[in-house]
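Since the structure comes first, as structure tokens, the remarks are kept for the end.
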Amino acid sequence: MKIGIVCYPTFGGSGVVATELGKALAKEGHQVHFITYSQPSRLDFLNENLFYHEVEFRSY
83 MKIGIVCYPT FGGSGVVATE LGKALAKEGH QVHFITYSQP SRLDFLNENL FYHEVEFRSY
């Protein structure tokens with residue numbers, strides 16, 4: 083399955099939960115795409131099913 087996860091790339095909170103969830107899903111064979119404004123701090127790309135897509139983030 084192809085899964086997209088939109089998250090904050092922070093060191094704590096929801097960013098960590100989203101990253102760990104995505105890594106676990108990739109380990110099970112799913113293709114996981116992280117969509118965020120910076121690489122998640124805990125994303126290590128040790129799995130070929132992990133992808134990162136950076137989007138522009140405008141500060142208000």
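Under my numbering, the first residue of the sequence shown carries the number 83, and numbering increases by one thereafter.
C-beta atoms are modelled at their ideal positions from N, C-alpha and C, and glycine is treated no differently.
Keep in mind that this is a model prediction, so the values were computed, not measured.
In the three-state reduction of the DSSP assignment, Glu102 falls in the helix class, which pools H, G and I. Looking at Gln113, Phe127, Glu138, the one whose alpha-carbon comes closest to that of Tyr119 is Glu138. Spanning the alpha carbons of Cys89 and Ser96 requires a straight line of approximately 7 Å. Out of Ile85, Phe93, Arg140, Gly94, the CA that lies nearest to the CA of Lys109 is found in Ile85. DSSP places Gly95 in the coil class of the three-state scheme, outside both helix and strand. Nearest in C-alpha terms to Gly104, of all of Leu125, Gln121, Gly94, is Leu125.
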